[in-house]
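Data first, discussion second: the structure below is written as structure tokens.
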Amino acid sequence: MNQPRAAAARALALAALCVPLFAQAAAQSDEQAPPASASKPVSSAPHAELLARAKALGGVATWTPYGRSRQGRELFALRIAGAAQKPEELPAILVVANVDGTQPWTSALALQHAEQLVARAAEPTVSALLASTCIYVVPCANPDAHERRFAAVQHEREATGPGVDNDRDGRSGEDPASDLNGDGRITQLRVRDPRGEWIADPLDERALVKADKTKGERGVWRVWTEGRDLDRDERVAEDEPLDACVNRNFAAEWKELAPESGAFPTDEPETLALCEFVLQRPQIALVVTYGAFDNLVEKPKSVAADALQKRVPQAGVVEADAVLLAEYGKRYAELTGVKHKGRGGDAGSWQTWAYAHRGLWSLAINPWDLPLDAPEKSAEAKSEAKAEDGAAAPAKPEKDPKEKKDKREPSEDAKRLRWIDANADESWRFVPWQAFEHPELGACEIGGFAPFARNEPPAARSAELAAAQFEFLLTLGADLPRVRIEEFTAKALGGDLHELRARIVNPSRLPLQNASALRTEAVRPARLDLELGAGASLVAGERLHLIRALDGSGGRFEARWLVRAASLADVRLKLSTQHAGSDARVAELAR
Amino acid sequence: MNTLLLSLALLGAQAAPATPAPDKSFSGLAAGAAPRVEIAWNRLYDYDEIHAHLDRLVALYPQFLSMQVIGHSVENREMRVYTLTNPATGAHDTKPAMWVDGNIHGNEVQGGEAVVYVAWYLLENYGAVPRVTELVDGATFYLCPMLNPDGRASWFRDAHNASSSRSGRQPFDDDGDGLYDEDGSDDLDGDGSITQMRKYTPGVGNLRLNPDDPRLMDPVPPNERGVRGDWTMLGSEGFDNDGDGRNNEDAVGGYDMNRAWPSGWQPEWIQGGAGPYPLYWPETRCVARFWIAHPNIAGVQSYHNAGGMILRGPGYEAFGEYPRDDVAVYDELGRDGEAMLPYYRYMIIWKDLYSVFGGSVTYAYESLGVISFTNELWNTDQMFGDRAEQNSGRGANHKFDDRLLMGAGFTPWRKFNHPLYGEVEIGGFKKDVGRVPPSFLIEEMTHRNALFAIRHAEAMPKVSIVSTVVSDLGGGLSAIDVEFRNERIIPTRTARAAQKGIGKPDLFTLEGAGIEVLAGGFRTDRFRPERLDFAEREPAALRSERGIPGRGEVRVRWIVRGRGDATVRWQGEKARAVSAPVKLP
Ligand SMILES: [Zn+2]
Chain A
290 MNQPRAAAAR ALALAALCVP LFAQAAAQSD EQAPPASASK PVSSAPHAEL
340 LARAKALGGV ATWTPYGRSR QGRELFALRI AGAAQKPEEL PAILVVANVD
390 GTQPWTSALA LQHAEQLVAR AAEPTVSALL ASTCIYVVPC ANPDAHERRF
440 AAVQHEREAT GPGVDNDRDG RSGEDPASDL NGDGRITQLR VRDPRGEWIA
490 DPLDERALVK ADKTKGERGV WRVWTEGRDL DRDERVAEDE PLDACVNRNF
540 AAEWKELAPE SGAFPTDEPE TLALCEFVLQ RPQIALVVTY GAFDNLVEKP
590 KSVAADALQK RVPQAGVVEA DAVLLAEYGK RYAELTGVKH KGRGGDAGSW
640 QTWAYAHRGL WSLAINPWDL PLDAPEKSAE AKSEAKAEDG AAAPAKPEKD
690 PKEKKDKREP SEDAKRLRWI DANADESWRF VPWQAFEHPE LGACEIGGFA
740 PFARNEPPAA RSAELAAAQF EFLLTLGADL PRVRIEEFTA KALGGDLHEL
790 RARIVNPSRL PLQNASALRT EAVRPARLDL ELGAGASLVA GERLHLIRAL
840 DGSGGRFEAR WLVRAASLAD VRLKLSTQHA GSDARVAELA R
Chain B
2 MNTLLLSLAL LGAQAAPATP APDKSFSGLA AGAAPRVEIA WNRLYDYDEI
52 HAHLDRLVAL YPQFLSMQVI GHSVENREMR VYTLTNPATG AHDTKPAMWV
102 DGNIHGNEVQ GGEAVVYVAW YLLENYGAVP RVTELVDGAT FYLCPMLNPD
152 GRASWFRDAH NASSSRSGRQ PFDDDGDGLY DEDGSDDLDG DGSITQMRKY
202 TPGVGNLRLN PDDPRLMDPV PPNERGVRGD WTMLGSEGFD NDGDGRNNED
252 AVGGYDMNRA WPSGWQPEWI QGGAGPYPLY WPETRCVARF WIAHPNIAGV
302 QSYHNAGGMI LRGPGYEAFG EYPRDDVAVY DELGRDGEAM LPYYRYMIIW
352 KDLYSVFGGS VTYAYESLGV ISFTNELWNT DQMFGDRAEQ NSGRGANHKF
402 DDRLLMGAGF TPWRKFNHPL YGEVEIGGFK KDVGRVPPSF LIEEMTHRNA
452 LFAIRHAEAM PKVSIVSTVV SDLGGGLSAI DVEFRNERII PTRTARAAQK
502 GIGKPDLFTL EGAGIEVLAG GFRTDRFRPE RLDFAEREPA ALRSERGIPG
552 RGEVRVRWIV RGRGDATVRW QGEKARAVSA PVKLP
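Okay, here's the thing in structure tokens:
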């Protein structure tokens with residue numbers, strides 16, 4: 290119990306640090322004690338349970354189904370909005386979890402966010418957010434793969450769509466994984482084989498590392514997914530019936546003819562439904578994706594503006610956007626303390642499509658992974674060390690010099706095992722290698738990391754992790770671009786002739802359109818209409834302005850007209866945008 | 002001593018064609034003397050009329066032609082595919098299939114007539130022309146006359162010009178003002194076409210009337226004397242309907258269904274008209290699904306207009322050239338096409354035309370491994386035949402219109418009082434001039450292009466077993482040598498399919514109750530039987546990514562123990578399966 294408490298203390302300290310840097314939302318909520326529900330563990334749950342909880346939520350949440358999975362499970366979102374007249378027209382944030390399908394805990398996390406927003410809707414921070422911003426939460430974007438976490442045999446696998454003939458033997462799906470040792474989990478299988486590429490990590494025999502031939506190491510083990518060799522081709526579990534993955538099936542950087550990509554982008558019903566969800570809600574400006582991928586801890590690969598001159602430019606985040614994303618990264622690190630990198634790539638992914646093709650801000654978050662850090666001795670020992678050092682630097686382990694002599698770093702898996710060993714409750718995460726007589730291969734061993742070992746935080750830490758993520762989410766609304774008419778004045782020039790001046794301002798941190806939106810033109814420009822009543826007429830100026838670029842942090846646009854109007858009540862200005870709100874004003878006489 | 006047993010097998014058993022009646026027709030005429038279904042091939046037909054022609058063919062030839070609805074367009078028109086084959090010789094999906102479509106671009110209408118012609122020609126000549134009979138017995142045609150039925154219907158119904166509207170009819174906000182399709186062209190003079198507006202602007206224009214033909218305008222370049230033109234062009238007929246200071250900038254639709262296909266697809270900002278994701282429009286998606294569900298499709302032709310082109314991929318330079326063996330197939334068919342289609346050129350899309358991302362025929366080849374062409378029907382070089390000087394210059398269309406259409410293709414300039422521009426003149430060529438041929442050349446166009454698709458269909462793989470030879474190896478062992486041949490130009494698996502692992506590999510099998518197959522493999526040397534690329538496992542069922550090359554052979558050797566009757570067999574996705582008996586004495 291020591292460790293979570295220490296971590297909570299650290300998180301609080303960090304949150305306190307960030308107050309001067311980040312405005313309103315975060316600061317206010319820190320003053321309040323989290324409600325009791327926030328400290329309950331957040332744990333993975335089957336899709337049906339998530340669905341029932343979501344449906345029952347009520348309050349400021351609106352049940353919003355948006356399709357069905359390939360196997361017929363309901364795809365659903367929650368729309369969470371305050372008392373605004375037309376909340377669906379407010380600038381919106383979309384939170385999507387578990388598009389991968391292998392991150393079921395993130396589904397619980399996202400649903401808990403929705404529940405928190407409902408439960409705390411009356412709190413100033415939350416109500417301020419909901420008054421200005423509509424929040425959509427899709428807790429489980431890939432329910433079919435999600436369910437593997439709760440199946441009789443657990444299997445951590447993304448694929449839910451049509452399979453291909455992986456081993457090119459003219460048959461598809463004839464050699465899937467199976468639970469040979471009957472422990473309810475698909476783990477790994479290793480066989481001693483001179484063709485093997487793997488050896489045991491000398492620092493921890495349970496971990497496998499690739500043999501380094503340049504150092505004279507010879508492979509010992511061949512490693513497979515646990516299963517039979519049903520097609521007797523000396524390859525184990527190499528042709529699963531399903532291959533297409535929802536989060537490889539989006540159009541951005543889609544890899545044609547790769548088994549995981551699917552037949553064509555959006556062939557997977559879950560992929561298509563999520564695309565349509567976004568296309569039908571143009572008010573969405575920012576997307577938070579919980580899954581394997583991260584672009585906050587690690588700065589994403591960015592491309593310079595001049596790389597965009599080519600007909601098909603290099604993939605990546607445009608530099609101007611990467612700079613803002615890095616600012617989010619700092620805030621994220623301060624609020625959550627997350628330091629590990631994410632997994633997976635951009636190819637065909639949801640988060641990349643949202644950014645590169647739709648011009649949305651796309652924050653990808655991997656909330657937890659098996660730690661690589663040396664286990665903390667104990668909170669007491671640590672705080673003593675801190676007190677002695679008088680600095681935040683972590684205490685150095687005593688056996689450090691000896692390890693240096695070995696010159697060998699433990700492999701990443703060995704580090705993960707080190708963490709598991711240090712936490713008695715976490716032993717489920719690794720299945721010790723055990724001898725097994727394989728029907729086709731003969732003597733082998735079955736074991737390795739358990740399914741979801743890297744995707745499920747310890748129950749004891751889950752509430753605190755969720756609270757930190759929620760804290761981060763609450764800060765995002767204030768940043769969304771929001772344009773307003775700051776000035777609309779008329780100067781009388783004699784008779785009924787007036788010179789009109791208007792100033793449009795975006796006071797928020799984010800620009801009206803990010804660099805991706807500016808190039809994709811997927812977000813329509815702000816529209817400024819001069820509306821003249823029957824008694825007014827235009828003498829000079831543009832009746833309609835389309836404003837594409839408007840900086841954040843006070844970016845402005847100015848326009849001028851000459852009109853004839855007997856009454857200024859006949860002279861109105863209307864501002865409308867896709868995802869940055871709207872405004873309207875009647876001209877006022879300039880002083 | 003080896004005992005050689007040679008058995009020649011004629012395989013791919015087909016029902017013998019019905020004995021033809023004594024030939025009283027003019028079989029040298031493509032259409033024969035008296036077709037059972039009369040279709041005037043000098044006209045263009047609207048959506049309903051195209052289907053009506055095909056339905057008449059279904060009614061008369063129900064044994065060969067059937068129709069299915071594979072989806073619906075944005076405006077809920079049926080997306081129809083007509084399947085043409087002789088089911089008595091095997092189900093449609095057991096035979097190599099030629100897909101032919103037309104009119105994916107709404108204004109490129111004559112592809113529809115050309116698709117109907119394919120069906121009509123094959124059905125009318127079945128039993129009379131042996132090669133037609135063989136094709137209808139041995140292959141399947143999937144015919145989709147209108148991939149963009151809404152666009153076609155609009156082109157017939159609404160005022161357009163020759164180039165509008167490529168798009169389908171799903172609303173699209175071209176000008177980014179949040180309104181959809183609010184400012185299209187307007188047929189101000191009511192002639193049924195969208196022509197041009199010009200205004201007399203004495204001394205401040207940049208054009209002057211051509212002194213020989215005042216229908217034409219000549220540019221007046223900047224000159225030292227300061228002379229300027231008297232006329233200004235004001236673009237296509239229309240108003241600024243949405244009052245945004247621009248004319249005709251947001252017409253109905255505004256996308257391109259031939260930029261919507263998955264291979265090499267790029268988003269809207271790189272490839273205009275692409276849509277938010279591939280196969281966004283239902284017309285494209287149902288066709289792609291049909292293709293995926295029919296791996297027997299071995300050839301694709303897509304009819305467009307215009308320019309006289311036989312186009313193949315790649316669509317973009319950086320995609321790289323196609324594998325050499327496939328290029329050889331393309332080149333042979335493409336050059337044949339040039340011979341069959343005077344004034345047409347065989348071209349590579351990116352190199353000879355322009356870059357295209359997400360075209361349908363590049364998808365057919367790159368993702369499905371199918372040899373595919375786009376033909377651009379009609380070329381104004383055909384107006385005066387090989388008198389090139391008559392076809393050239395700005396006045397060529399007028400020369401043709403004046404001499405051969407008696408001026409009916411041109412709306413003469415007439416005064417019109419425009420609300421913004423004041424007095425203007427409206428005139429120009431009508432929508433059916435420039436990109437569709439005149440009626441008296443439609444039949445030639447449809448026939449030549451239909452025959453090119455039929456020629457492509459004849460090139461689809463056809464496998465036969467040339468010989469089976471059994472050799473006694475002594476000690477109870479025998480060798481069975483089988484030569485499989487593909488008689489046609491297109492390999493059973495294109496090099497693209499082989500490289501990328503598209504579809505299923507070919508399967509060469511040996512089965513027999515009394516025999517044990519000890520080894521089997523593909524011979525690498527015609528004369529040295531022991532040189533064998535022999536399989537590591539399952540020697541009785543050999544798989545091959547490369548398949549059987551076009552007009553080439555694959556030689557297989559099996560080493561077996563035992564005796565009795567056995568069967569050798571070839572099976573693949575893009576040709577009919579064949580088998581032959583073998584006897585081991
Ligand atoms: Zn076209």
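Respectively, the protein sequence lines represent chains A and B. Count along the first sequence from 1, add 289, and you get the number used in our numbering. Count along the second sequence from 1, add 1, and you get the number used in our numbering. For each residue, glycine too, the CB sits at the ideal point set by N, CA and C.
Hey, residue i and residue j: beta-carbon distance below 7 Å or not?
| i | j | result |
| --- | --- | --- |
| H305 (chain B) | E109 (chain B) | yes |
| N224 (chain B) | S237 (chain B) | no |
| V828 (chain A) | L851 (chain A) | yes |
| R359 (chain A) | P558 (chain A) | yes |
| S74 (chain B) | P150 (chain B) | yes |
| G516 (chain A) | S467 (chain A) | yes |
| V437 (chain B) | I372 (chain B) | no |
For residue i, which of the options has the nearest alpha-carbon?
| i | options | result |
| --- | --- | --- |
| S440 (chain B) | B:P97, B:D402, B:F417, B:L452 | B:D402 |
| G870 (chain A) | A:W717, A:A420, A:G356 | A:A420 |
| G843 (chain A) | A:S797, A:L819, A:R853, A:H834 | A:S797 |
| A533 (chain A) | A:R511, A:T625, A:A541, A:T560 | A:T560 |
| P220 (chain B) | B:R226, B:D213, B:D231 | B:D231 |
| Y579 (chain A) | A:R697, A:L833, A:R632, A:R816 | A:R632 |
| F411 (chain B) | B:F417, B:K400, B:H419, B:N418 | B:K400 |
Verify the CB distance criterion: does residue i have a CB-CB separation below 7 Å to chain A?
| i | result |
| --- | --- |
| E244 (chain B) | The sequence shown places Gly at residue 244 (chain B), not Glu. It does; some Cβ of chain A falls within 7 Å. |
| A270 (chain B) | Sequence check: residue 270 (chain B) is Trp here, not Ala. Yes, because at least one Cβ of chain A sits closer than 7 Å to the Cβ of W270 (chain B). |
| V579 (chain B) | no |
| T285 (chain B) | no |
| P279 (chain B) | yes |
| E574 (chain B) | no |
Going along chain B in order, which residues have a C-beta closer than 9 Å to the C-beta of residue i?
| i | result |
| --- | --- |
| R479 (chain A) | Those within 9 Å of R479 (chain A) in chain B number zero; the least Cβ separation is about 23 Å. |
| L418 (chain A) | Under the 9 Å cutoff, chain B gives no residues; its nearest Cβ is about 26 Å from L418 (chain A). |
Can you pull the chain A neighbours of residue i, defined as C-beta to C-beta under 8 Å?
| i | result |
| --- | --- |
| E546 (chain B) | R457 |
| I503 (chain B) | L546 |
If you measure from the beta carbon of residue i to each beta carbon in chain B, is any gap under 7 Å?
| i | result |
| --- | --- |
| E810 (chain A) | yes |
| A552 (chain A) | yes |
| L383 (chain A) | no |
| P660 (chain A) | no |
Since residue i meets chain A, which of its residues come closer than 9 Å, beta carbon to beta carbon?
| i | result |
| --- | --- |
| R596 (chain B) | Past the boundaries of the shown model lies residue 596 (chain B); chain B is included only from 2 to 586, so the question cannot be answered. |
Under 8 Å between beta-carbons, which chain B residues line up against residue i? List them in chain order, please.
| i | result |
| --- | --- |
| S865 (chain A) | G179 |
Listing by chain order, which chain B residues have their CB less than 7 Å from the CB of residue i?
| i | result |
| --- | --- |
| K641 (chain A) | Rather than Lys, the amino acid found at residue 641 (chain A) in this sequence is Thr. Those within 7 Å of T641 (chain A) in chain B number zero; the least Cβ separation is about 12 Å. |
| R816 (chain A) | D178, G179 |
Residues of chain A with CB under 7 Å from residue i, in chain order?
| i | result |
| --- | --- |
| P462 (chain B) | Those within 7 Å of P462 (chain B) in chain A number zero; the least Cβ separation is about 17 Å. |
Stretch pair the segment 310 to 322 of chain B + the segment 356 to 366 of chain B: three plus CB contacts closer than 8 Å: Verdict: yes, contact present.
The segment 557 to 572 of chain A in contact with the segment 374 to 383 of chain A per 3-pair CB rule at 8 Å: In the pairwise beta carbon analysis, the segment 557 to 572 of chain A is classified as touching the segment 374 to 383 of chain A: at least three pairs are separated by under 8 Å.
The segment 81 to 101 of chain B / the segment 127 to 145 of chain B touching (three or more Cβ pairs under 8 Å): The segment 81 to 101 of chain B vs the segment 127 to 145 of chain B: in contact.
Validate contact between the segment 326 to 345 of chain B and the segment 250 to 267 of chain B using beta carbons, cut 8 Å, 3 pairs: As far as the Cβ criterion goes, the segment 326 to 345 of chain B does not touch the segment 250 to 267 of chain B, which means the pair count is below three.
Three-pair Cβ contact test at 8 Å for the segment 492 to 500 of chain A versus the segment 437 to 447 of chain A: Contact fails: fewer than three Cβ-Cβ distances are below 8 Å.
Any 3 or more C-beta pairs closer than 8 Å across the segment 463 to 483 of chain A and the segment 542 to 558 of chain A: Cβ pair count under 8 Å is below three, so no.
The segment 413 to 431 of chain B contacting the segment 186 to 204 of chain B, beta-carbon criterion three pairs below 8 Å: With contact defined as three or more Cβ pairs closer than 8 Å, the segment 413 to 431 of chain B and the segment 186 to 204 of chain B are in contact.
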